[in-house]
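Sequences listed follow chains Z and W, in order.
For the first sequence, our numbering assigns the number 1 to the initial residue and increments by one for each residue that follows.
For the second sequence, our numbering assigns the number 1001 to the initial residue and increments by one for each residue that follows.
We put the CB at the ideal spot given by N, CA and C, even for glycine.
Everything numeric in this text was worked out from a predicted model, so none of it was measured.
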Amino acid sequence: MGIFDKFQPLAEIRRDMEKKCSDFFNLVIKDITSPTEAVVNGRAVIHAGSNNYLGLTFDPHCIQAACTAAQKEGTGTTGSRMANGTYSGHLDLEQELSNFFGRLKTIIFSTGYTANLAMLSTVVGSEDVILIDADCHASIYDGCRLGTADIIRFRHNDTNDLEKRLRRLEKRHTNVLIVVEGLYSMLGDRAPLAAIAALKNKYGAYLMVDEAHSMGVIGQTGRGLAEEAGVEDSVDFIVGTFSKSLGAIGGFCTSNHPELDMIRYASRPYIFTASPSPATIASTRAALALLPQPERRRRLWSNADRLYKRLKNLGFCVGPEVSPVIAVRCSKPENAYTLWNKLLAQGVYVNMVLPPATPDGGALLRCSLSAAHTTEQINKIGDAFAALPPHRMN
Amino acid sequence: MQSNEKIVSQIKEILRPLIPGHIEIKTDADLTADLGLDSLKVMSIIESLEDHLDLSIPINILSEVRTINDLALQIQKLNHKEGN
């Protein structure tokens, strides 16, 4: 058996799917004309699947900061901080993130994915246990797998199930790290964080919250679900990304544990990766400075409320609560291809998410909204869904 | 501690509704190749077993599991570790 033979079943599935949905597999975004508009496969569309929650990718201050940094410091760092050195911008951004979250220490990483790999593979050891919500992102699963701790799942957002597992673990007298997300990326639902924080304190565990989709989106100043739930003191580690509300690429972990700095010397995903480029650091810093302003968040939630209610009233099976992530469930993946194509033909691009990336084995047509979407664009997205044949959703 | 036979029997009981009726559930059958279970179904089986056995099963063990026998063996090891 050759090394590529194992991919044959995958190749067959892809061939079969390409026949039904060639646009999806050969998709090219040729032009990005604004935070909410693009030219996809030659067609001008409303981009409703970008995770560009605050619309900052085209903010003039962020663009100018990136251009100035590239001109001044070059296009890349061409290596890791351990080998090539730390740029002053790296330290400035770490300090500004610490200030923003009101924490002692912050480490930045090259992507949000790397942040989870670095933290979860390193902060717990072989005698420890990680308790993760079953719907956690792949980067959380992969970070756990890269490490040596026991990985135990609990049912999604089920605090009774979490407590059952914490109780069972008491007799092991081991360190337990609970990992949840602020806003779950597929269905847009929030963790019951106040209850989880209470359990964390009751059982003496540690708590990590991935605020990738909630930073800038939730909380009075945009610090995420921990801020909104009033439990920041109970959260040991906040991880997040620069690639959503901050409109760039990168990741971070911030904490009040001074030992966080030791991760820099123990974590392979930190040590052996090229550090973020000057342009990335500069645009992220400019975006972070804008995050506390409430106006973009107000527009984002107004857009979310409008589309969520419209789709719900139309009878679509949407997630459990209003959120900038609005996922329409479609039980048969083969129908999702047809519906996704029909949305694209009407000038609306959404994410099509197929099993096993979905929580329950069905398919999702996932919208992620932006503060930059106009009311007219939100209405057009709703109109496009309204024109779909309802029997295809089953 | 539960016997291996009892654990195997519980695994088979949980698997039965997920496997087409004409397929015999043998203890050395490959969960994926022979019984047609995908990763989501395997996770669902693990959750059901956890409830039946009142035990938390780390997903790390799945790298050692291909058959029902493998799964039963890993659960016995966990029982031993937990002192059940």
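{"Item": "8 Å Cβ cutoff, Asp366(Z) in contact with chain W", "Value": "Note that residue 366(Z) is Arg in the sequence shown, not Asp. With 8 Å as the cut-off, Arg366(Z) does not count as an interface residue toward chain W."}
{"Item": "Bridge-paired residues (DSSP) for Cys253(Z)", "Value": "Ile107(Z) and Val239(Z)"}
{"Item": "Same chain, Cβ closer than 7 Å to Arg329(Z), neighbours up to 5 away in sequence not counted", "Value": "Cys317, Gly362 and Leu364"}
{"Item": "Listed by chain order, chain C residues near Arg15(Z) by CB distance under 8 Å", "Value": "This model lacks chain C altogether; the protein chains it does include are Z and W."}
{"Item": "Below-8 Å beta-carbon distance, Asp5(Z) vs any chain W residue", "Value": "no"}
{"Item": "Cβ-based neighbour list, Val144(Z), same chain, cut-off 7 Å, excluding 5 preceding and 5 following", "Value": "The amino acid at residue 144(Z) is misidentified as Val; the sequence shows Cys. Answer for Cys144(Z): Leu120, Ile130, Ile132 and Ile151, listed in chain order."}
{"Item": "Option nearest Asn116(Z) by Cα separation, candidates Val350(Z), Asn51(Z), Tyr349(Z) and Ser267(Z)", "Value": "Ser267(Z)"}
{"Item": "Boundaries of the alpha helix (DSSP H) in which Met1043(W) is found, first to last residue", "Value": "Ser1039 to Leu1053"}
{"Item": "Whole-angstrom C-beta distance between Thr273(Z) and Ala248(Z), which should lie under 8 Å", "Value": "About 16 Å separates the two Cβ atoms, so there is no contact after all."}
{"Item": "Validate contact between the region 13-22 of chain Z and the region 232-249 of chain Z using beta carbons, cut 8 Å, 3 pairs", "Value": "no"}
{"Item": "Paired residues, beta bridge with Thr159(Z) - DSSP", "Value": "According to DSSP, which records beta bridges pairwise, Thr159(Z) is partnered with nothing at all."}
{"Item": "Nearest neighbour of Ala138(Z), chosen from Pro359(Z), Thr174(Z), Cys367(Z) and Val348(Z) [CA to CA]", "Value": "Pro359(Z)"}
{"Item": "Nearest residue (CA-CA) to Leu104(Z), options Tyr53(Z), Gln293(Z), Pro390(Z) and Asp236(Z)", "Value": "Asp236(Z)"}
{"Item": "Chain Z contacts made by the region 1057-1079 of chain W, where a contact means CB separation under 7 Å", "Value": "Pro1058, Ile1059 and Asn1060"}
{"Item": "Interface flag, Leu1100(W) vs chain Z, CB-CB below 8 Å", "Value": "In this structure chain W extends from 1001 to 1084, so residue 1100(W) is not present and cannot be described."}
{"Item": "Cβ shell of Lys30(Z) (< 6 Å), same chain only, five flanking positions each side left out", "Value": "Val39"}
{"Item": "The region 183-198 of chain Z in contact with the region 318-338 of chain Z per 3-pair CB rule at 8 Å", "Value": "yes"}
{"Item": "Contacts that Asp150(Z) makes with chain W (C-beta to C-beta distance below 8 Å)", "Value": "Pro1058 and Asn1060"}
{"Item": "Neighbour list for Asp1038(W) in chain Z, Cβ cutoff strictly below 9 Å", "Value": "Pro355, Pro356 and Gly361"}
{"Item": "Segment limits, beta strand (DSSP E) that includes Ala351(Z)", "Value": "Checking the sequence, you will find Asn at residue 351(Z) rather than Ala. From DSSP, the beta strand (DSSP E) with Asn351(Z) extends over Asn351 to Val353."}
{"Item": "Under 9 Å from the C-beta of Arg155(Z): neighbouring residues of chain W", "Value": "Glu1047"}
{"Item": "Which residues DSSP lists as bridging Met208(Z), in chain order", "Value": "Val179(Z) and Phe237(Z)"}
{"Item": "Residues near Arg310(Z) by beta carbon distance below 6 Å, same chain, minus five either side", "Value": "Gly382"}
{"Item": "Closer than 7 Å at the beta carbon, the chain W residues around Leu165(Z)", "Value": "One point to set straight first is that residue 165(Z) is Arg, not Leu, in the sequence displayed. Within 7 Å Cβ-Cβ: Ser1056."}
{"Item": "Contact check, Leu307(Z) vs Ile378(Z), beta carbons under 8 Å", "Value": "yes"}
{"Item": "Beta carbon proximity, Arg168(Z) to chain W, threshold 8 Å", "Value": "yes"}
{"Item": "Phe385(Z), enclosing alpha helix (DSSP H) - first and last residue", "Value": "Thr375 to Ala386"}
{"Item": "Endpoints, the alpha helix (DSSP H) within which Phe100(Z) is located", "Value": "Ser88 to Phe101"}
{"Item": "Euclidean distance between Cα positions of Leu1031(W) and Leu1037(W)", "Value": "6 Å"}
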